[in-house]
Amino acid sequence: MHGESAALLRTPVLDDGARLWRIAANSGVLDTNSSYAYLLWCRDFAATSAVVEIDGEVGGFVIGYLRPQQPGTFFVWQVAVDRAHRGRGLGVAMLGFLLDGLIEQGVSALETTVSPDNTASIAMFSALARRRGSLLTRRPLFDPGHFPDGHEPEHLFRIAPDQEVG
Ligand SMILES: CC(C)(COP(=O)(O)OP(=O)(O)OC[C@H]1O[C@@H](n2cnc3c(N)ncnc32)[C@H](O)[C@@H]1OP(=O)(O)O)[C@@H](O)C(=O)NCCC(=O)NCCS
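Each residue of the sequence shown is one higher than the one before, starting from 1224 at the first, in our numbering.
This is how it looks when you write it as structure tokens:
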């Protein structure tokens, strides 16, 4: 990070919700959920979400939750880094920050879904698995027939210790 502003990783607060919505809307890739959804997430799911602050402004976020029927699995709903800050390790850093805290609470696996053509996202989750010495498995989850609006397919990525059974 030589020559670049320091990045602060932290848990989101309610006042970050509007900025998260804006980053998602500007990402050019993500489904933009309602602004209400991001406020709700910052209120109720802050413990499984993270933001990165650069020069006092939020420049990226991860929103996620623990799967209700499988609380040892952390599901990442969305990750985004503002275009100006991409490619300097912030995506992986936010995910690592969250995983480090959640592992202490008994979480052992991360899941997310990725569109097969999202090269940056695939590279980021592959890098995360590699750095943590974990296994990344993938399988189709939502196909175009599940969606009412011509949405692309979404593949389920699961990152877990390679000794995990099942
Ligand atoms: C996906 C995204 C969050 C990655 O954020 P980032 O901070 O730029 O990612 P990182 O710098 O942590 O990169 C992690 C790894 O992915 C690689 N990578 C990142 N962007 C890449 C790209 N466009 N093409 C190829 N590899 C890429 C990096 O080289 C790095 O791999 P390495 O450690 O082997 O060098 C960012 O591109 C983004 O916001 N995209 C739009 C939203 C989106 O698609 N989100 C994911 C779906 S929920």
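We treat Cβ as the ideally placed atom computed from N, Cα and C, and that holds for glycine.
Leaving out five residues on either side along the sequence, give the residues of the same chain with a beta carbon under 7 Å from the beta carbon of residue i.
i: Leu1357; result: The amino acid at residue 1357 is misidentified as Leu; the sequence shows Ser. So the list reads Ile1382, Ala1383, Pro1384 and Asp1385, once near-sequence residues are dropped.
i: Leu1253; result: Ala1247, Gln1301 and Ala1303
i: Arg1362; result: His1378 and Leu1379
Is residue i close to ligand 1? I mean its beta-carbon at under 6 Å from any heavy atom of the ligand.
i: Arg1309; result: yes
i: Gly1319; result: no
i: Ala1343; result: yes
i: Val1274; result: no
i: Gly1312; result: yes
i: Val1315; result: yes
i: Leu1253; result: yes
i: Val1302; result: yes
i: Ser1357; result: no
i: Ser1257; result: no
i: Ala1201; result: Absent from the structure is residue 1201, since the part of the chain shown begins at 1224 and ends at 1389.
i: Ala1350; result: yes
i: Ser1250; result: yes
i: Ala1260; result: no
i: Ala1270; result: no
By the 10 Å Cβ neighbour count, where 16 or more other Cβ atoms means buried, how is residue i classified, buried or exposed?
i: Tyr1261; result: buried
i: Gly1251; result: exposed
i: Val1236; result: exposed
i: Ala1273; result: buried
i: Ser1344; result: buried
i: Thr1271; result: buried
Take residue i and list the residues in its own chain whose beta-carbon comes closer than 6 Å to its own, dropping the five residues that flank it on each side.
i: Glu1276; result: Leu1231
i: Gly1179; result: Outside the shown range of the chain (1224 to 1389) lies residue 1179, about which nothing can therefore be said.
i: Trp1244; result: Ser1258 and Tyr1261
i: His1374; result: none
i: Leu1325; result: Phe1297
i: Asp1239; result: Cys1265, Val1274 and Val1281
With a CB to CB cut of under 8 Å and the five nearest residues on each side skipped, what residues in its chain are close to residue i?
i: Val1315; result: Met1347, Ala1350, Leu1351 and Arg1354
i: Thr1336; result: Leu1364, Phe1365, Glu1377, His1378, Leu1379 and Phe1380
i: Pro1228; result: Residue identity check: residue 1228 is Ser in the sequence provided, not Pro. Hits under 8 Å: Ile1277 and Asp1278.
How about the region 1274-1290 and the region 1301-1308: do they share at least three Cβ pairs that are nearer than 8 Å? yes
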